[in-house]
Amino acid sequence: MSVARVVLLHLFLFVACAQGRKGIGGTEQDWGYITVRPSAHMFWWLYYTTCTDVSNYTDRPLIIWLQGGPGMPSSGYGNFLEIGPHNSSFYKREGSFVDNFNVLFVDNPVGVGYSYVSDSATKLVTNGAEIGEDLYSFFKVFITERHPEFKNVPIYVFGESYGGKMATEFVYALTQFESHTLNPIL
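When the letters of the sequence shown are read in order and numbered with mature numbering (1 follows the signal peptide of the UniProt record, and there is no 0), they come out as residues -20 to -1, 1 to 166.
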């Protein structure tokens, strides 16, 4: 994504935030940060489904999208270049996942995309187990505090390239710490 498009994206995000997070392109969305460890913050961007065959967005599953790399941000690459509702030129994408599902893009591991550490003493993750633990910490806050309406919604975890390894570590950590019903598709 070019620097001009990234700057334009920031502008749209700030305008959308000031307008109640309606979002770019008229889609309903939410985004923010979740602290996964002291001084380690993970960025997420949620698109609510645009499916008109349901009365409520919680009638559709939630897809968690984890980009590969490692080092490619889901919120930028997966969102604008692959499956999000708009392409990198901000035109509506035909056949977006959002047409049928709620889609959650997570910039992970911390240090990728908009995810960051807020002090130099905080270490970035160094192995898959730590990635899984951070994603578990993220998900626990996301599903209990930020969006509890998704607690009883089928959840699918998608990982592209190295994201498949991160998805596996995440689901493994989740099964070790929680009994939440999760339907992984890797």
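Built from N, CA and C at the ideal position, the CB exists for glycine as well.
Requested in this report: Assign arginine 73 to one of three DSSP states: helix, strand, or coil.
Outcome: coil
Requested in this report: For my contact list, tyrosine 28 and glutamine 9 are in at a C-beta cut-off of 8 angstroms; report their separation, rounded to the angstrom.
Outcome: About 7 angstroms separates the two Cβ atoms, so the contact holds.
Query raised in the report: Candidates Val133, Gly64, Ala153: which alpha carbon is nearest aspartate 38's?
Result: For the record, residue 38 in the displayed sequence is threonine; it is not aspartate. Nearest C-alpha to threonine 38: Val133.
**Report entry** Distance between histidine 127 and alanine 147 (C-alpha atoms, nearest Å)
**Finding:** 20 angstroms
Query raised in the report: Distance, Cα to Cα, tyrosine 71 vs glycine 64?
Result: 11 angstroms
Report task. In the DSSP assignment, find the unbroken beta strand (DSSP E) run with leucine 84 in it and report its ends. Result -> That run of the beta strand (DSSP E) goes 82 to 87.
**Report entry** Cβ contact (3+ pairs, closer than 8 angstroms) linking the segment 13 to 21 and the segment 54 to 63
**Finding:** At 8 angstroms Cβ cutoff, the stretches do not touch.
Report task. Using beta-carbon positions only, say whether glycine 112 and phenylalanine 150 come within less than 8 angstroms of one another. Result -> In this structure, glycine 112 sits near phenylalanine 150, with a CB-CB distance shorter than 8 angstroms.
Report task. Keeping to the same chain, check which residues put their C-beta closer than 6 angstroms to that of aspartate 99; ignore five residues upstream and five downstream. Result -> Around aspartate 99: Ser19.
Requested in this report: Find the nearest neighbour of phenylalanine 85 within the set Val105, Ala109, Phe119, judged by alpha-carbon distance.
Outcome: Taking phenylalanine 85 as reference, the option from Val105, Ala109, Phe119 with the minimal CA-CA separation is Phe119.
Query raised in the report: Cα separation between tyrosine 152 and alanine 109?
Result: 9 angstroms
**Report entry** tyrosine 152 (DSSP reduced to helix, strand or coil)
**Finding:** Here tyrosine 152 sits in helix by DSSP.
Query raised in the report: Going by other Cβ atoms of all chains shown within 10 Å of its Cβ, with 16 needed for buried, is glutamate 125 buried or exposed?
Result: exposed
Query raised in the report: Tell me the DSSP bridge mates of histidine 21?
Result: Within the DSSP secondary-structure output, histidine 21 pairs in a beta bridge with Thr15, Tyr96.
Query raised in the report: Between which two residues does the beta strand (DSSP E) harbouring glycine 48 extend?
Result: First-last for glycine 48: undefined, no H or E at that position.
Query raised in the report: Under a Cβ-count criterion, where at least 16 other Cβ atoms within 10 Å of its own Cβ denotes burial, should serine 54 be classed as buried or exposed?
Result: buried
**Report entry** Test: lysine 131 CB closer than 8 angstroms to a CB of chain B
**Finding:** Of the chains in the structure shown, none is chain B; there is only one protein chain.
Query raised in the report: Of all the options Gly56, Phe81, Met52, Asn67, which has the alpha carbon lying nearest to the alpha carbon of proline 89?
Result: Met52
**Report entry** Same chain, Cβ closer than 7 angstroms to glutamate 129, neighbours up to 5 away in sequence not counted
**Finding:** Thr38
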